[in-house]
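Student: Starting off with a structure, shown below.
So this is what it looks like as C-alpha cells:
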C-alpha cells in the first residue's frame with residue numbers, strides 16, 4: 019500500500035468521527051467485511067471472544083463493547099490474506115528482512131508449519147509431525163534444562179500459559195522470559211513489596227465512584243481507548259481527572275464517544291483531564307514526592323492549630339509500617355530537587371496536592387510511562403505511599419490501578435509464567451503432579467538475551483509475540499536469537515522475529531482469538547484475565563483459514579508430548595478437552611476453585627485481591643511505606659557526562675505493541691510515516707534546526723557500543739524541553755540491553771540518554 023506522508027496537527031477530539039472512519043476502513047481492508055462486522059458484535063460479550071488487544075475490563079453494558087484499536091486488532095487478525103510455502107519460495111528471508119514491519123504482517127495469516135533452510139535462505143513447508151520431532155531432537159540434545167528459553171506473549175490464554183509453564187517445569191527449568199519483563203514488571207514488583215500483591219486493587223466499577231482520578235504516564239486514547247469511556251463518565255459526573263504525562267495527548271484532553279451519534283456528527287465532545295501536568299521523563303516520583311511534601315505541611319499545620327490532620331492516622335496505625343521513615347525522607351527532600359527532577363513548579367505540585375486533599379475517594383492509575391525507568395519500582399511505591407497516607411485502599415471508588423498492556427498479560431503471570439515463581443505455587447504443582455519442580459530462579463527477558471549472546475541457550479520457543487522487535491538493543495537482540503540452535507515461533511502472522519532464525523528455525527501457525535477452536539471433545543473456549551482480576555471466557559466465532567492451523571494450547575501440548583511423552587501426564591488428552599486443564603488449574607492456583615462452573619458466569623468472575631480487603635501478604639502482614647530517596651540521576655552509569663536529551667519510545671495510534679496496522683498517528687498529526695522525532699520547538703531552534711529536517715539520534719552510554727538511528731524527521735510538539743519521543747520498534751536500537759530498572763529488569767525505554775545531529779545530506783536523500 020502507498021501512504022501519503024504529511025504532518026498535519028489534529029484539531030478534533032479523540033474518538034468521534036475519526037475513530038468511526040478508521041474502524042470502517044480497517045474492516046473493509048480485511049477483505050472479510052461482513053464477517054468482521056459480525057465479529058465485532060461478539061467481541062467482549064458473553065458467548066463471544068475477548069478482545070485480542072488491551073487488558074481493559076468489560077463494562078458488560080454497552081451495545082458495542084469495542085474501541086477503534088480493538089477493531090483494528092480483530093480485522094488485522096481475521097483477514098482473508100494468507101501466506102504459505104509458495105510465498106516463501108518467492109521471498110528469501112534476507113529480502114524479507116529489508117521490508118518494514120507493516121509490510122510483513124500485512125501479507126496475511128500463516129497457514130502451515132515452516133522450516134528455515136539455511137542453505138537456500140528460504141522457509142519451506144514441513145509436516146506437523148516432523149516439526150515436533152525436530153523440536154524434541156534439539157531439546158534432547160541439550161546438556162541441561164536451563165539451555166531452553168520459553169518466551170511468552172501476553173496474548174496467550176490462561177490454558178495455554180498454564181500448560182506451557184507446566185511443561186517447562188516438568189522438564190526442569192524456570193526460564194520463562196515474557197513480555198511483562200519489558201513493560202509492567204515494576205508494577206508487580208513495587209506493589210508486592212508495598213501491599214503484598216502484584217495486581218491493582220480496584221474493579222472497573224470503582225471509576226464510577228471516585229472523586230478524583232490521578233493518571234500517571236499513560237496515553238489511553240491510543241493504548242487502551244475503552245478507558246476513555248470510564249474517564250469521560252467520571253469527568254461528566256464531576257470527578258477531577260488529574261493527568262501527569264510528558265506529552266500532551268489528545269485522548270487525555272477531549273473525547274467524543276464514537277458510539278453516540280450526536281458526538282460523531284457534531285463537534286460535541288467531553289473534557290477528560292481537568293488538570294494536565296507535563297513532568298520530565300522519569301520525573302513522576304519527584305512529582306508525587308512534591309505532592310506529599312505539600313500535604314504533610316498542611317497536615318502538621320492543622321494539628322498545630324488543634325484541628326484534625328489530613329492523614330488517615332487510624333488506617334496508618336492499623337494497616338501499615340514505616341510511615342515515620344517515609345515522612346523523614348520526604349522532609350529531607352528539597353523543593354529544589356523536586357522541581358528540577360519533576361520539571362514542575364512547587365506551585366503546580368501544591369495545586370495537585372490540593373485537588374487530592376479535597377477528594378474523599380481517589381484512584382491512582384498508571385502505565386508504562388511509570389514502569390520503564392531505572393527507578394520505576396521506587397516510583398510505583400511512591401504512588402502507593404500517597405494512597406496509604408490517606409487510607410485510599412479497601413473502599414469503593416479508591417485504590418491502585420496499573421493498566422496492563424496485552425489482553426492476558428496479567429493472566430499469564432497468574433498462571434505461573436514467572437521466572438521467579440513463589441514457593442507456594444511450586445509446592446502446589448509438585449504435590450498435585452507428584453514431581454519436584456525446579457526451585458532456582460530462571461531468566462527474565464534481558465537475562466535470556468544475555469545468555470543467548472554467551473551461547474548458553476540452545477533452544478528458544480516463543481509462544482506468540484515478536485521478541486526481535488519488542489526487545490531493546492535490536493542488533494544485539496537479533497544476534498542473540500540467531501545464535502540459538504533452534505528457534506520456534508508459534509504465531510498468527512509473519513513478523514521480524516521469524517527473519518532472525520537460529521541455526522534451525524520453525525514457524526508454527528496458530529489460531530487467533532477470533533477463530534473457532536475445535537478439538538476432539540468439540541468446540542473449546544479459553545479464558546483470560548483483565549487488569550481488574552476479572553477472568554472471562556472467550557470463544558472464537560470465525561472459521562479458520564486452514565486445517566493446518568492449530569490452537570496455542572494444542573501446539574504446547576504436542577510439544578510437551580514430543581519431548582516428555584505421555585507419562586506422568588497425558589498431554590494430548592488435555593488438549594482434547596480444555597475443561598481438564600481448567601480442573602488442574604483449579605487444583606493448583608488459589609481463586610480458581612470450581613473454575614469450569616465459574617466460566618459460565620456472564621461477565622466472568624473476580625479472583626479477589628487480598629490488599630483490597632486490607633490483608634497484606636507482607637512479612638508483618640501490613641502495607642509497607644517505602645522511604646527511598648529520589649534518584650540523584652536517571653543515568654548514574656554515565657557519571658558526570660552531560661546528557662542533552664532524554665528520549666522515550668512510544669506507540670503510534672495505528673499500532674499495538676509491535677504490530678503496525680498502518681503508518682498514521684492521527685492524534686499526533688503524523689501521517690504516512692514513522693521515522694519522526696517529537697521535540698520542543700525551542701530545543702529545535704536552539705540547535706539551529708527546523709521542522710521537517712532529518713536528524714540522527716545517538717545513545718550516550720558507557721560500553722563502547724555505538725547505537726544510532728538515522729533520518730528521523732523533526733516534528734515540533736508540546737513536550738517539555740530536554741525531552742524527546744519517537745516510535746518503537748524503530749528506536750529500540752537505541753535502548754541498551756544493559757540499561758534496566760532496579761528490582762524489575764525492565765528495559766529503560768522511557769529514559770534513553772541521547773544526542774541528536776543533522777543527518778548527512780546523502781542519507782536524507784536516500785530515505786526520502
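In the working numbering, the protein residues as written are 19 to 786.
Built from N, CA and C at the ideal position, the CB exists for glycine as well.
To test your reading of the DSSP string, which unbroken beta strand (DSSP E) runs of 3 or more residues are found completely within the stretch 428–491?
Tutor: Complete beta strand (DSSP E) runs here, min 3: 477–481.
Student: Does the count of Cβ pairs from the stretch 602–617 and the stretch 365–379 closer than 8 Å reach three?
Tutor: Cβ pair count under 8 Å is below three, so no.
Student: Can the beta-carbon of residue 389 be found less than 7 Å from the beta-carbon of residue 205?
Tutor: Yes, these two residues count as a Cβ contact at 7 Å.
Student: When you compare only the Cα positions, how much space is there between residue 623 and residue 326?
Tutor: Those two C-alpha atoms are separated by around 41 Å.
Student: Can you check which of these residues, 462, 441 and 461, is closest to residue 454 by C-alpha distance?
Tutor: Minimum Cα distance to residue 454 is reached at 441.
Student: Where do the ends of the alpha helix (DSSP H) carrying residue 384 lie?
Tutor: Looking at the DSSP string, residue 384 is not in any alpha helix (DSSP H); the run it does join, the beta strand (DSSP E), is 380–384.
Student: At 3 residues or longer, what runs of the beta strand (DSSP E) sit wholly inside the stretch 321–395?
Tutor: Here the runs fully enclosed are 380–384.
Student: If distances are taken between C-alpha atoms only, which option among 482, 328, 301 and 305 comes closest to residue 664?
Tutor: Checking every option, the nearest Cα to that of residue 664 belongs to 301.
Student: So, do the stretch 673–693 and the stretch 758–778 have three or more beta carbon pairs nearer to each other than 8 Å?
Tutor: Output reads no: the stretch 758–778 does not touch the stretch 673–693.
Student: Give the DSSP bridge partners of residue 697, in chain order.
Tutor: BP columns for residue 697 point to 734.
Student: Taking the beta carbon of residue 640 as the centre, do at least 16 other beta carbons fall within 10 Å, making it buried, or is it exposed?
Tutor: Classification for residue 640: buried.
Student: Hey, quick one: how far does the beta strand (DSSP E) through residue 167 stretch, first residue to last?
Tutor: Per DSSP, residue 167 belongs to the beta strand (DSSP E) from 166–170.
Student: Less than 7 Å between the beta carbons of residue 645 and residue 274, yes or no?
Tutor: No, they are not a contact pair.
Student: Judging by CA-CA distance, which residue of 299, 355, 502 and 642 is the nearest neighbour of residue 262?
Tutor: Nearest of 299, 355, 502 and 642 to residue 262, Cα basis: 299.
Student: By how many angstroms is the C-alpha of residue 427 removed from the C-alpha of residue 414?
Tutor: Computed Cα separation, rounded: 25 Å.
Student: According to DSSP, is residue 663 helix, strand or coil?
Tutor: Three-state result, residue 663: strand.
Student: Looking only at C-alpha atoms, which of 423, 538, 491 and 387 sits nearest to residue 468?
Tutor: Considering only alpha carbons, the answer is 491.
Student: By Cβ distance, which residues of its chain are closer than 8 Å to residue 271, with the 5 residues on each side in sequence left out?
Tutor: Answer for residue 271: 31, 32, 289, 290, 291 and 294, listed in chain order.
Student: Taking only the alpha-carbon atoms, compute the straight-line gap between residue 36 and residue 671 and give it to the nearest angstrom.
Tutor: One C-alpha to the other measures close to 12 Å.
Student: Should the stretch 176–194 be called in touch with the stretch 442–462, which here means at least 3 C-beta pairs below 8 Å?
Tutor: At 8 Å Cβ cutoff, the stretches touch.
Student: Look at the alpha carbon of residue 727 and the alpha carbon of residue 715, and state the distance between them as a whole number of angstroms.
Tutor: Each residue's Cα considered, the two are about 5 Å apart.
Student: Between the beta-carbon of residue 387 and the beta-carbon of residue 738, is there less than 7 Å?
Tutor: No, they are not a contact pair.
Student: Please report the straight-line C-alpha distance between residue 323 and residue 604, rounded to a whole angstrom.
Tutor: Roughly 56 Å between the two C-alpha positions.
Student: Which residues does DSSP pair with residue 505 in a beta bridge?
Tutor: According to DSSP, residue 505 bridges with 478 and 523.
Student: Taking just the CA atoms, how far does residue 378 sit from residue 477?
Tutor: Rounded to the nearest angstrom, the two C-alpha atoms are 53 Å apart.
Student: Is there contact between the stretch 498–514 and the stretch 118–134, where contact requires at least three CB pairs shorter than 8 Å?
Tutor: Counting Cβ pairs under 8 Å, three or more are found: they touch.
Student: Below 8 Å, can you find three or more Cβ-Cβ pairs linking the stretch 400–408 to the stretch 151–159?
Tutor: In short, these stretches do not touch, since the Cβ pair count stays below three.
Student: Could you tell me whether the stretch 219–236 touches the stretch 406–425, using the rule of 3 or more Cβ pairs below 8 Å?
Tutor: Contact between the stretch 219–236 and the stretch 406–425 is present, because at least three Cβ pairs lie under 8 Å.
Student: Under three-state DSSP, which class holds residue 775?
Tutor: The answer is strand: DSSP assigns residue 775 an E or B state.
Student: Specify, as a first and last residue, the run of the alpha helix (DSSP H) that residue 207 falls within.
Tutor: Taken as a continuous stretch (DSSP letters only), the alpha helix (DSSP H) holding residue 207 covers 203–213.
Student: Answer with buried or exposed for residue 496, where buried requires no fewer than 16 other C-beta atoms within 10 angstroms of its C-beta.
Tutor: Residue 496 comes out buried.
Student: Excluding sequence positions up to five away, which residues of its chain have a Cβ less than 7 Å from the Cβ of residue 129?
Tutor: If we look at residue 129 and ignore the five residues flanking it on each side, its Cβ neighbours are 100, 102, 527, 563, 564, 566 and 567.
Student: Just the Cα atoms here: how many angstroms apart are residue 691 and residue 114?
Tutor: The straight-line gap from Cα to Cα measures roughly 20 Å.
Student: So residue 757 and residue 766 are supposed to be a Cβ contact under 8 Å. How far apart are they, rounded?
Tutor: Indeed they touch by this definition, with Cβ atoms about 5 Å apart.
Student: With DSSP as the reference, identify every bridge partner of residue 511, one or two as the case may be.
Tutor: The partner list for residue 511 (beta bridge, DSSP) reads 127.
Student: Assign residue 29 to buried or exposed, taking buried as 16 or more other Cβ atoms, counted over all protein chains shown, within 10 Å of its Cβ.
Tutor: Under this definition residue 29 is an exposed residue.
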